[in-house]
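**Q** The following block contains the structure, expressed as structure tokens.
There are 2 protein chains.
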Amino acid sequence: MSTALDTIFAALADPTRRAILSMLLEDDMAVTDVADPFDMSLAAISKHLGILTRAGLIIQEKRGRVKWCKLDPDAMREASIWMQSFGQFEAVNLDAFEEFLQNELGTTKQS
Amino acid sequence: MSTALDTIFAALADPTRRAILSMLLEDDMAVTDVADPFDMSLAAISKHLGILTRAGLIIQEKRGRVKWCKLDPDAMREASIWMQSFGQFEAVNLDAFEEFLQNELGTTKQS
DNA sequence: GCGACAGTCAACCAATTGGTTGAATAATGA
DNA sequence: TCATTATTCAACCAATTGGTTGACTGTCGC
Chain S
25 MSTALDTIFA
35 ALADPTRRAI
45 LSMLLEDDMA
55 VTDVADPFDM
65 SLAAISKHLG
75 ILTRAGLIIQ
85 EKRGRVKWCK
95 LDPDAMREAS
105 IWMQSFGQFE
115 AVNLDAFEEF
125 LQNELGTTKQ
135 S
Chain G
25 MSTALDTIFA
35 ALADPTRRAI
45 LSMLLEDDMA
55 VTDVADPFDM
65 SLAAISKHLG
75 ILTRAGLIIQ
85 EKRGRVKWCK
95 LDPDAMREAS
105 IWMQSFGQFE
115 AVNLDAFEEF
125 LQNELGTTKQ
135 S
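Right, here's the structure in full:
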């Protein structure tokens, strides 16, 4: 099942990458600017950004010679939903949760 | 910041370990029983369980000669909260989600 | 006490990861 | 046009990961 979660969680497992995501929460950034605060080569940061992109956690868009990085919440949401079936919901009715989710998915699609 | 998230997300990055967590959502299990559905040595599963334990995702408790594994939702919650700060949960409608949660918690507590 | 069962440990292996450096590509500006 | 800036690529390295096997350590039932 879902190799997507593999790459998402693996991407989130690295503190440098989580820090990058936090930075991008503030604002979109160019690769060089992302790299600046880190004590690490630009190439290393470029690799990290590649991993985040492949995981679907960010989007990279090239304008001119600079490549802009912006957060893409979709992947995070997918992982978050998976996790929430464990966390808060063990004290809570799981069936109701599923019903809720299906309802949500239904309503967003039809209206 | 928080090396705890490192080990939690790393633990969640493996599909075998996520499958184990799903199994434990149903019921507490002995190590041998956890290993049963997997096409993998018992030692390998034992390692996976060690990783899940160190990440704080499960608790292992030895009773007699069998070691019981049970879910520990605390670590998952911690990671989940971190993720939620990236929010933008438009698709699932977080307001409705919270409302749902409060409802659930209310009803399970009072009746 | 003894054989069978539950689980871990230790040594090993191949593949992956996170970093480096130096060269390559591509767009910019003077 | 040419040096500069932005970014990636390729080769390499050490450390980690996910798996194996075989030996070891309890603990149970008879």
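Those protein sequence lines, which keep their order, are chains S and G.
So for the first sequence, my numbering puts the first residue at 25; every next one is plus one.
So for the second sequence, my numbering puts the first residue at 25; every next one is plus one.
All C-beta atoms, glycine included, are put in the ideal place defined by N, C-alpha and C.
Just checking my contact of L81(S) with D96(S) at CB under 8 Å: how many whole Å lie between their CB atoms?
**A** Position 57 of the first sequence holds residue 81(S). Position 72 of the first sequence holds residue 96(S). 6 Å between Cβ atoms; contact.
**Q** State buried or exposed for E114(G), treating a residue as buried only when at least 16 other CB atoms are found within 10 Å of its CB.
**A** Residue 114(G) sits at position 90 when you count from the first residue of the second sequence. Low confidence applies here, because E114(G) scores a pLDDT of 45, under 50, leaving its location unreliable; read the following figure in that light. So E114(G) ends up on the exposed side.
**Q** I believe F110(G) touches M100(S) by the beta-carbon criterion, under 8 Å. Please report the beta-carbon distance rounded to the nearest angstrom.
**A** By one-based count along the second sequence, residue 110(G) stands at place 86. By one-based count along the first sequence, residue 100(S) stands at place 76. Sure, about 5 Å apart at Cβ, within 8 Å.
**Q** Can the beta-carbon of A79(S) be found closer than 8 Å to that of T31(S)?
**A** To locate residue 79(S), count along the first sequence from 1; it is residue 55. To locate residue 31(S), count along the first sequence from 1; it is residue 7. Yes; because the gap between Cβ atoms is below 8 Å, this pair is in contact.
**Q** On the DSSP letters alone, give me the boundaries of the beta strand (DSSP E) that R87(S) sits inside.
**A** In the first sequence, residue 87(S) corresponds to position 63, counting from 1. Segment I82 to R87, the beta strand (DSSP E) holding R87(S).
**Q** Does the Cβ of S104(G) have 16 or more other Cβ atoms within 10 Å, making it buried, or fewer, making it exposed?
**A** Position 80 of the second sequence, counted from the first residue, corresponds to residue 104(G). So S104(G) ends up on the buried side.
**Q** Looking at L29(S): is its Cβ nearer than 8 Å to the Cβ of R41(G)?
**A** Here the question's residue 29(S) lines up with position 5 in the first sequence. Here the question's residue 41(G) lines up with position 17 in the second sequence. Contact: no.
**Q** State yes or no: is the beta carbon of Q84(G) nearer than 8 Å to at least one beta carbon in chain S?
**A** Taking the first residue of the second sequence as position 1, residue 84(G) is located at position 60. Answer no: the Cβ-Cβ gap between Q84(G) and chain S never drops below 8 Å.
**Q** Helix, strand or coil for A28(S)? Go by DSSP, reduced to three states.
**A** In the first sequence, the residue the question calls residue 28(S) occupies position 4. Helix.
**Q** State yes or no: is the beta carbon of L73(G) nearer than 8 Å to at least one beta carbon in chain S?
**A** As a position in the second sequence, residue 73(G) is number 49, starting the count at 1. Not closer than 8 Å to any Cβ of chain S, the Cβ of L73(G) fails to qualify, so no.
**Q** Give the interface partners of A34(G) over in chain S, defined as CB-CB distance under 8 Å, in chain order.
**A** Taking the second sequence and counting its residues from 1, one reaches residue 34(G) at position 10. Per Cβ cutoff of 8 Å: F33, A34 and A37.
**Q** Give the residues from the stretch 97–108 of chain G that approach chain S closer than 7 Å (Cβ to any Cβ), ordered along the chain.
**A** The stretch 97–108 of chain G vs chain S, Cβ under 7 Å: P97, M100, R101, A103, S104, M107 and Q108.
**Q** Would the beta-carbon of A35(G) fall within 8 Å of that of I83(G)?
**A** By 1-based counting over the second sequence, the position of residue 35(G) is 11. By 1-based counting over the second sequence, the position of residue 83(G) is 59. Not in contact: A35(G) and I83(G) (Cβ atoms no closer than 8 Å).
**Q** Determine the DSSP secondary structure at A54(G), reduced to helix, strand or coil.
**A** Position 30 of the second sequence, counting from 1, holds the residue named residue 54(G). Looking at A54(G) - three-state DSSP - the assignment turns out to be strand.
**Q** Enumerate in chain order the residues of its own chain whose CB-to-CB distance from Q112(G) is below 7 Å, with the five nearest sequence positions on each side excluded.
**A** For the purposes of this step, residue 112(G) is identified with residue 88 of the second sequence, where counting begins at 1. Unreliable placement is indicated for Q112(G), whose pLDDT of 49 sits below 50; no coordinate value is reported for it.
**Q** Starting from the Cα of K94(S), find the closest Cα among F62(S), M64(S) and L49(S) and give me that residue.
**A** Counted from its first residue, the first sequence places residue 94(S) at position 70. For K94(S), the nearest C-alpha among the options comes from L49(S).
**Q** If you follow the alpha helix (DSSP H) that M100(G) is part of, which residue opens it and which one closes it?
**A** Position 76 of the second sequence holds residue 100(G). Taken as a continuous stretch (DSSP letters only), the alpha helix (DSSP H) holding M100(G) covers P97 to Q108.
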